[in-house]
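> Here it is: the structure, laid out below.
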Amino acid sequence: MKNVTLGLVGVGRIGVMHAKNIAALNGMLNPKGINVTLRLTDVAEEHARNVAADVDAEYVSSVGALLASGVDGLVVATGTVTHPELITAGVDAGIPVFCEKPVALNVADALPVLDYIRDNHGVVQIGHQRRFDAGYLEARRAYQAGELGWIHSLRAVTCDMAPPPVEFLATSGGLFRDCSVHDFDILRWLTGREIVEVYAKGSNNGDPAIGDVGDVDTALALVTFDDGTVGTVSATRYNGAGHDVRLEIQGSSRSLMVGLDQKSAMASAEPGVAFPSGEPHRTFAERFDQAYRSEMAAFVELVLGQRENPCTPEDAVAASRVADAAQDSLASGVPVRVAATVRSSRI
Numbered sequence: 002m003k004n005v006t007l008g009l010v011g012v013g014r015i016g017v018m019h020a021k022n023i024a025a026l027n028g029m030l031n032p033k034g035i036n037v038t039l040r041l042t043d044v045a046e047e048h049a050r051n052v053a054a055d056v057d058a059e060y061v062s063s064v065g066a067l068l069a070s071g072v073d074g075l076v077v078a079t080g081t082v083t084h085p086e087l088i089t090a091g092v093d094a095g096i097p098v099f100c101e102k103p104v105a106l107n108v109a110d111a112l113p114v115l116d117y118i119r120d121n122h123g124v125v126q127i128g129h130q131r132r133f134d135a136g137y138l139e140a141r142r143a144y145q146a147g148e149l150g151w152i153h154s155l156r157a158v159t160c161d162m163a164p165p166p167v168e169f170l171a172t173s174g175g176l177f178r179d180c181s182v183h184d185f186d187i188l189r190w191l192t193g194r195e196i197v198e199v200y201a202k203g204s205n206n207g208d209p210a211i212g213d214v215g216d217v218d219t220a221l222a223l224v225t226f227d228d229g230t231v232g233t234v235s236a237t238r239y240n241g242a243g244h245d246v247r248l249e250i251q252g253s254s255r256s257l258m259v260g261l262d263q264k265s266a267m268a269s270a271e272p273g274v275a276f277p278s279g280e281p282h283r284t285f286a287e288r289f290d291q292a293y294r295s296e297m298a299a300f301v302e303l304v305l306g307q308r309e310n311p312c313t314p315e316d317a318v319a320a321s322r323v324a325d326a327a328q329d330s331l332a333s334g335v336p337v338r339v340a341a342t343v344r345s346s347r348i
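Residue numbers (my numbering): 2 to 348.
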């Protein structure tokens, strides 16, 4: 049996989810001869101790103490502003790092982090969990196998059932950076092509406070790929029917839709059609429950050197470049070219 100890920094909403998923990993990995234990820390000590007790983990007093304890991998689930320093700390410790997206608050801040990782031979996986979702995996397989023919259009949708707190939105960087960056990442990952131009529009018909902090509650982006293919990426904070994440891929031979199942947050207007009949997902955590588990299992395998990195920092920054262009277009009202991918702050 191979023993792996992961260190988790941050037990807010997504950190608690990761803690629970790590605690459940042994059910997935023990049959493969892998045993996983968890140590965690957070500045909110009492809360962190309670989470540790709930998931049978060990509480550690600080990030420094966590790294000094000899963990085999570091999981970063803190606020975005802390990502660069924690990624760097993990690289300095000589261990693989898993960090929730994004690498940094903006692309400019992320480039020196990419340099540091590369210069110090670091291994860092960024959290874009849709790459582990069964529907997206099947769509990618079908596309790469040529079963869809050539793609003439793509339509990506991400709809939250209700908006997060305005305090969060005030520092999120905008709807495209916070939400649609997942769609931009998955479109690049699935097609293997770069998005070169974005034209975005948005609206605010919900809580006026969202507009007051400089964000929109609904937005649509027309994206153009480097081969001329077009697609749309839409997002909203007010989809009362449920959490709705879909991707429609239309090809010359066949079309597929990711996210079309009994829990889809929609109803047919056609007489006699009862599909879908299930209870829709309410949050992203429910929608991608299995994907998050598989993502963390993949990180353990990365720690053990049993697989290649499923989502590199360079991949994450490339998606962030598209999100930046979308935010710029939203502000300016004109199409914006996506900055060419630069892999170093020294260029």
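Note that beta-carbon positions come from the ideal geometry of N, C-alpha and C, so glycine has one too.
Give the DSSP-derived three-state secondary structure of glutamine 307 in the structure shown.
coil
> Looking at the structure shown, is cysteine 160 part of a helix, part of a strand, or coil, going by DSSP?
strand
> With three or more beta-carbon pairs closer than 8 Å as the criterion, would you say the segment 273-291 touches the segment 105-124?
no
> Tell me leucine 223's beta-bridge partners as DSSP assigns them.
Tyr200 and Thr233
> Enumerate in chain order the residues of its own chain whose CB-to-CB distance from arginine 50 is below 8 Å, with the five nearest sequence positions on each side excluded.
Tyr60
> What is the DSSP secondary structure of lysine 33, counted as helix, strand or coil?
helix
> Between Asn107, Glu86, Ile118 and Leu68, which has its C-alpha nearest alanine 94's C-alpha?
Of the candidates Asn107, Glu86, Ile118 and Leu68, Leu68 places its Cα closest to the Cα of alanine 94.
> Could you say which of Ala25, Gln251 and Pro272 lies nearest to aspartate 55 if we only look at CA atoms?
Its Cα nearest to that of aspartate 55, the residue Ala25 stands out among Ala25, Gln251 and Pro272.
> Helix, strand or coil for serine 269, going by three-state DSSP, please let me know.
coil
> What's the gap between the Cα of valine 231 and the Cα of proline 103?
25 Å
> Just tell me which of Met2, Gly215, Leu176 and Asp186 has its CA closest to the CA of leucine 221.
Leu176
> Check this for me: beta carbons of valine 64 and threonine 81, under 8 Å apart or not?
Contact: no.
> Look at the alpha carbon of glycine 273 and the alpha carbon of valine 304, and state the distance between them as a whole number of angstroms.
52 Å
> Please look up how many angstroms separate the CB atoms of isoleucine 15 and alanine 78, rounded, as I've assumed it's under 8 Å.
5 Å
> What's the C-alpha gap between tryptophan 151 and alanine 319?
24 Å
> With DSSP run on the structure shown, which of helix, strand or coil describes threonine 79?
The answer is coil: DSSP assigns threonine 79 none of H, G, I, E or B.
> State yes or no: is the beta carbon of valine 182 nearer than 8 Å to at least one beta carbon in chain B?
Any reference to chain B falls outside this structure, which holds one protein chain only.
> Using the Cβ count rule (16 or more neighbours within 10 Å means buried), how would you classify phenylalanine 276?
exposed
> Just list the residues that DSSP pairs threonine 42 with in beta bridges.
Answer is Val10.
> Tell me which residues share the same chain as asparagine 36 and place their Cβ nearer than 8 Å to its Cβ, disregarding the 5 neighbours each side in the sequence.
Met2, Lys3, Asn4, Val5, Asn27 and Leu30
> Could you name the residues of the same chain whose beta carbon sits closer than 7 Å to that of alanine 324, not counting the 5 residues immediately before and after it, in chain order?
Phe177, Arg178, Ser181, Val182 and Phe185
> Return the CA-CA distance between leucine 257 and asparagine 240, expressed in angstroms with no decimal places.
Whole-angstrom Cα-Cα distance: 23 Å.
> Assuming phenylalanine 99 is part of the alpha helix (DSSP H), what are its boundary residues?
No alpha helix (DSSP H) contains phenylalanine 99, which is instead part of the beta strand (DSSP E) from 98-101.
> Mind checking who aspartate 213 pairs with in its DSSP beta bridge?
Bridge partners of aspartate 213: none, in fact.
> From isoleucine 23 to aspartate 213, what does the alpha carbon distance come to, in whole angstroms?
Cα-Cα distance, rounded: 38 Å.
> Mind checking threonine 159: buried by the 16 CB within 10 Å criterion, or exposed?
Counting Cβ neighbours within 10 Å, threonine 159 comes out buried, since at least 16 surround it.
> If we call anything under 8 Å between Cβ atoms a contact, is valine 72 one with isoleucine 88?
With contacts defined by Cβ atoms closer than 8 Å, valine 72 and isoleucine 88 do not form a contacting pair.
> Drop a sphere of 10 angstroms on the beta-carbon of alanine 298, count the other beta-carbons inside from all chains shown, and report buried for 16 or more, exposed for fewer.
buried
> Using a Cβ-Cβ cut-off of 6 Å (strictly less than) and excluding sequence neighbours within five positions of threonine 284, which residues of its own chain qualify?
His244
> For the putative contact between valine 224 and valine 234, defined by C-beta atoms under 8 Å, what is the C-beta separation to the nearest angstrom?
6 Å
> For glutamate 296, which residues in the same chain have their Cβ closer than 7 Å to its Cβ, ignoring the five residues on either side in sequence?
Gly128, Gln130 and Phe133
> Going by beta-carbon coordinates alone, are histidine 153 and glycine 252 separated by less than 8 Å?
yes
> Kindly indicate which residue of Ala146, Ser173 and Glu195 has the alpha-carbon position closest to the one of asparagine 107.
Ser173
> Within this structure, are the beta carbons of leucine 9 and valine 92 separated by less than 8 Å?
In this structure, valine 92 does not lie closer than 8 Å to leucine 9 by Cβ.
> Return the residue from the list Val52, Pro85, Glu47 and Thr38 that minimises the CA-CA distance to glycine 74.
Thr38
> Look up glutamine 126 in the DSSP assignment and give the residues it is bridged to.
Paired residue(s): Phe99.
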